[in-house]
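Residue numbers (my numbering): 80 to 862.
Glycine is no exception: its CB is placed at the ideal position from the N, C-alpha and C atoms.
One structure is given below, encoded as structure tokens.
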Amino acid sequence: MMGAPVSGSILGNPVTRVEDPRFLLGQGRYVDNLDLQGAVRVVFLRSSMAHARIRSLDLTAARRAPGVLAVVATGDVEPATAPPTPGLPEAMVRPLLARGVVRYVGEPVAAVVAETAAQAVDALELIDVEYDPLPVVADVRAAIADETLLFPEHGTNVAIRMDPADGAAGEFFADCPVVVRLHLAGQRLVPAPMEVRAAAATWDGPRLTVWASTQVPHRLRDDLVALYGLPADEVRVVSPDVGGGFGAKASGFTEYYLLAALARIAGRPARWVETRSENILGMVHGRAQSADIELGGTRDGRLLAARLSIVQDAGAYPMFGALLPQLTIQMGPGIYDLRRFSGSAVSVVTNTVPIGAYRGAGRPEATYAIERAVDAFAAEIGMDPVRLRRQNLVASDAFPYTTATGQVYDSGAYQEVLDRAETVSGYAGLRAEQQRRRAAGTPNLLGIGVSGYVEITNAGGMGDAATVEVDDAGRAVIRAGTHSHGQGHATAYAMIVAEVLGIPVEHTTFVQGDTDEVPTGIGTFGSRSLQTSGAAVELAAQEVLSQARELAADLLEVAAADVELRRDPVAFRVVGVPGVGADWAAVARHADDRGTRLRSDITFEPGASSFPFGFHVAVVEVDAETGRVRPVRMVAVDDCGRVLNPLLVEGQVHGGLAQGIAQALFEDMVYDEAGNPLTVALAEYGMPAANDLPPFELHTSQTPTPLNALGAKGIGESGTIGSIAAMANAVVDALSEFGVRHLDLPATPQRVWAAIRQALLDRGSVHAAQDPVHDPNRKAAGE
80 MMGAPVSGSI LGNPVTRVED PRFLLGQGRY VDNLDLQGAV RVVFLRSSMA
130 HARIRSLDLT AARRAPGVLA VVATGDVEPA TAPPTPGLPE AMVRPLLARG
180 VVRYVGEPVA AVVAETAAQA VDALELIDVE YDPLPVVADV RAAIADETLL
230 FPEHGTNVAI RMDPADGAAG EFFADCPVVV RLHLAGQRLV PAPMEVRAAA
280 ATWDGPRLTV WASTQVPHRL RDDLVALYGL PADEVRVVSP DVGGGFGAKA
330 SGFTEYYLLA ALARIAGRPA RWVETRSENI LGMVHGRAQS ADIELGGTRD
380 GRLLAARLSI VQDAGAYPMF GALLPQLTIQ MGPGIYDLRR FSGSAVSVVT
430 NTVPIGAYRG AGRPEATYAI ERAVDAFAAE IGMDPVRLRR QNLVASDAFP
480 YTTATGQVYD SGAYQEVLDR AETVSGYAGL RAEQQRRRAA GTPNLLGIGV
530 SGYVEITNAG GMGDAATVEV DDAGRAVIRA GTHSHGQGHA TAYAMIVAEV
580 LGIPVEHTTF VQGDTDEVPT GIGTFGSRSL QTSGAAVELA AQEVLSQARE
630 LAADLLEVAA ADVELRRDPV AFRVVGVPGV GADWAAVARH ADDRGTRLRS
680 DITFEPGASS FPFGFHVAVV EVDAETGRVR PVRMVAVDDC GRVLNPLLVE
730 GQVHGGLAQG IAQALFEDMV YDEAGNPLTV ALAEYGMPAA NDLPPFELHT
780 SQTPTPLNAL GAKGIGESGT IGSIAAMANA VVDALSEFGV RHLDLPATPQ
830 RVWAAIRQAL LDRGSVHAAQ DPVHDPNRKA AGE
């Protein structure tokens, strides 16, 4: 339905996205199709070496090439480095162009500015660069050894170390008769948004304007202000339509920072749009976090203590990704009432692409660790994994609940949601079918995986801004400090205004991503938008309603207490007087006549984070003869507080589930020992297609948060956070009859087949290693 208010409340009803017609008709406005008269094109020379000194760099021939306006290397332009990340060593700050040493394949070394992209690429081929190779640190084990240092002046490859708050050691598991331990090797992922990175810059006298595909236009503006020493009102950043971000476009990009200097050199607008290969090797990667998890408890299934030790690969230059273990540790206890939890971490640099935020950013790692450990514990004591979870969940009457890591969960109903997930998935029937197949010795193994999760949204409890205004045509104009790049803010925020003011969704204009139009904002990441700017929209709309009632009273020559807003048709009317009233346009014009405006600017500060939660059940079939995993079902029961628009929630969960399943089964950014990337195209990387994914069965629970009037929490990352562990648990569950207790991700056919074979070899069934399906010991192992 379109957005005229329905009977009762528009909130909670499925309202189709007002954004979509423009995109479906090809009317999206992206950086690459902006009409920038006289714009030149920029391309970057990128390092082909993982670690080397730049012996020589000859730009002469490139500078003489046809159409070339400039070719620059470090020292030719200012600024020279990206803004430092608080909490990380300044010695490891990232240069905009490599300074003497390259530290990963794909690092920008030089930039070419030319009339056309083709001319720029041709000139790029004329740059003569010679390298003296240096020893490569390609993985975290080599980095921790500190035998080769990426930043010798810093004296270590450790970017940051996080010690356990309680110094846990020795007697930590003294009261735990059962302790399970797992090593979790975390692969790195390529965010791969549909739209690659793109930016353009131009100068109008002293004023800089930058267009960029970013989730955080205000942060980019503030960075440019600092880097170029400009007054804040002399920098404008516009983030037009953005074709996906997934957290990765919330990172600072050297190319974006440098573009302003290149536009100044050219004396014309400058535009850069990377290729897909550049995106894979130049944009930040995600995850790359390995961990050791220990979980202790009793033989009757009471979980008592957990300890998590993390090694984070930060890539060549530590950025936000180096800090992600903080979130992982904070959320380490998950949904369980654990007496003790200890976490420690070390982030190290390696000769690889830097790590940044990627959908979930530290929280999927926490859920994966605790949920794999819970399944391992259940297997160790011979208890059904759902039963073990049920008897250790935080009770529904315990909220707000303070965890062993000091997080205050605002609201939850874990028991009820687990019960629902068990029911809607038909869990008992799935287990019966699994036993039937095992008894029959079929090669088509069935695996059932369960994962409960709780995640933190709007970490830090930050606020954000919104403005609601009604113009002379009676239309609502909404301005937001968040940034929608697929989330549906134009629809969600318009629904809130429709609920308060009665102005239909289709009579609303939404403005975002322009720092001139919206001077303050934080941006969109960490599933924060509805509970910050959305809540601000609600408050601003209430203030506009109050203003309008006073103006309508003046216009109608009655007391404000005698004026009410009626919905059919929408107009202010005098109580008890039929036919006398004024619509929104009349009230707005009356405001103009009085020299004022129907407008409210609000910054809402929730003051705390919210904690969505849920349970996911994954069902897989594994071909024991080939190792191929086929995801059969994915059942998700998610609670994001009050649901304002089910269609938007379903869309976010769909995307999250797809990315979580992709991590569990397909995706892996691989480097060799020399730091050479081996998966440099989507065909090699393992990006799944739609037919690689199972049907999604979505269900919701609604436990409102007390932190905002809407009762809303975040939902953008929940699908990913819950699904990775559920799918991993399902694969291990399928293989458990062979004695397999853990499998590193992704669960590729080669890895699954090798795990079955190794388990049989370890058991002494050498003959069965060539024919695992007909192993005579198979049934006994599964019992």
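Practice task
Count the C-beta pairs between the stretch 317-324 and the stretch 261-275 that are closer than 8 Å, then say yes if the count reaches three, no if not.
Solution key: yes
Practice task
Helix, strand or coil for ILE408, going by three-state DSSP, please let me know.
Solution key: helix
Exercise for the section: Could you tell me which uninterrupted beta strand (DSSP E) segments, each at least 3 residues in length, are contained entirely in the stretch 615-643, listed from first to last along the chain? Expected result: none
Handout entry: Whole-angstrom distance between ARG721 and ALA152, CA atom to CA atom
Key = 52 Å
Exercise for the section: Compute the Euclidean distance between the alpha carbons of GLU684 and THR164, then round it to the nearest angstrom. Expected result: 24 Å
Problem - Rounded distance between the beta-carbons of LEU138 and VAL119, thought under 8 Å - result: With a Cβ gap of about 17 Å, VAL119 and LEU138 do not count as contacting.
Exercise for the section: Could you round the C-beta distance between ALA340 and CYS255 to whole angstroms and report it? I think they count as a contact, below 8 Å. Expected result: About 58 Å; that fails the 8 Å criterion.
Practice task
Would you identify the three-state DSSP class for GLY600, choosing helix, strand or coil?
Solution key: coil
Practice task
Specify the secondary structure class of PRO296 as computed by DSSP and reduced to three states.
Solution key: helix
Handout entry: Residue range of the alpha helix (DSSP H) that includes THR705
Key = It is not in any alpha helix (DSSP H) - THR705 carries neither H nor E in the DSSP assignment.
Exercise for the section: Measure the CB-CB distance between VAL363 and GLY435 and report whether it falls below 8 Å. Expected result: yes
Practice task
Keeping to the same chain, check which residues put their C-beta closer than 7 Å to that of THR705; ignore five residues upstream and five downstream.
Solution key: PRO828, TRP832
Exercise for the section: Closer than 6 Å by C-beta to MET541: which residues in its own chain qualify, once you throw out the five before and the five after it? Chain order, please. Expected result: ILE601
Exercise for the section: Keeping to the same chain, check which residues put their C-beta closer than 6 Å to that of LEU287; ignore five residues upstream and five downstream. Expected result: VAL314, ALA339
Exercise for the section: Count the other CB atoms, across all protein chains shown, that sit within 10 Å of the CB of ILE89; report buried if there are 16 or more and exposed otherwise. Expected result: buried
Practice task
Check each candidate in ALA715, PRO710, GLU746, GLN781 and name the one with the smallest Cα separation from ASN770.
Solution key: PRO710
Handout entry: Cβ neighbours of ARG285 in the same chain (closer than 7 Å, five flanking residues each side left out)
Key = Sequence check: residue 285 is Pro here, not Arg. The residues are GLU313.
Practice task
Tell whether a beta-carbon distance below 8 Å holds between HIS568 and PRO296.
Solution key: no
Handout entry: Cβ neighbours of VAL728 in the same chain (closer than 7 Å, five flanking residues each side left out)
Key = CYS719, VAL722, THR779, ILE794
Exercise for the section: Figure out for me which residue from ILE681, THR682, GLU746, VAL453 has the closest Cα to the Cα of ASP386. Expected result: Reading off the sequence, residue 386 comes out as Arg, not Asp. When only C-alpha atoms are compared, the closest one is VAL453.
Problem - Extent of the continuous alpha helix (DSSP H) run through HIS262 - result: No alpha helix (DSSP H) holds HIS262; the beta strand (DSSP E) holding it covers 257-263.
Handout entry: Nonlocal neighbours in the same chain, by C-beta distance under 7 Å from ALA834, ignoring five residues either side
Key = LEU814, VAL819, LEU822
Exercise for the section: Please name the residue, chosen from LEU618, ASP672, VAL579, that lies closest to ASP680 on a Cα-to-Cα basis. Expected result: LEU618
Exercise for the section: Could you check if ARG108 is buried or exposed, using at least 16 other CB atoms within 10 Å of its CB as the buried criterion? Expected result: exposed
Practice task
Decide yes or no for the touch test of the stretch 592-601 against the stretch 516-531: beta carbon pairs closer than 8 Å, at least 3 of them.
Solution key: no
Handout entry: The beta strand (DSSP E) enclosing ALA452, as first and last residue numbers
Key = No beta strand (DSSP E) contains ALA452, which is instead part of the alpha helix (DSSP H) from 442-460.
Handout entry: Residue interval of the alpha helix (DSSP H) (run including GLY734)
Key = 725-744
Problem - Three-state secondary structure (DSSP) of THR281 - result: strand
Practice task
Alpha carbon to alpha carbon, how far is ALA177 from ALA291? Give it in angstroms, no decimals.
Solution key: 22 Å
Problem - Identified DSSP bridge partners for GLY365 - result: LEU268
Handout entry: Cutoff 8 Å; reference LEU757; Cβ partners in own chain excluding five residues on either side
Key = VAL749, TYR750, ASP751, GLU763
Problem - Short Cβ contact (8 Å threshold) for PHE557 with ALA545 - result: This sequence places Ile at residue 557; Phe is not what is there. Cβ distance < 8 Å, so ILE557 and ALA545 count as in contact.
Exercise for the section: Name the residue from THR588, ALA538, ARG668 whose alpha carbon lies nearest to the alpha carbon of THR611. Expected result: ALA538
Handout entry: Residue nearest to ALA638 in terms of C-alpha spacing, selected from ALA661, PRO433, ARG628, ASP283
Key = ARG628
Exercise for the section: Would you please state the rounded distance, in angstroms, between the beta carbons of PRO397 and GLN368? I believe it to be under 8 Å. Expected result: That pair is no contact at about 13 Å.
Practice task
Return yes when the Cβ of ALA393 is within less than 8 Å of the Cβ of ALA221, no when it is not.
Solution key: no
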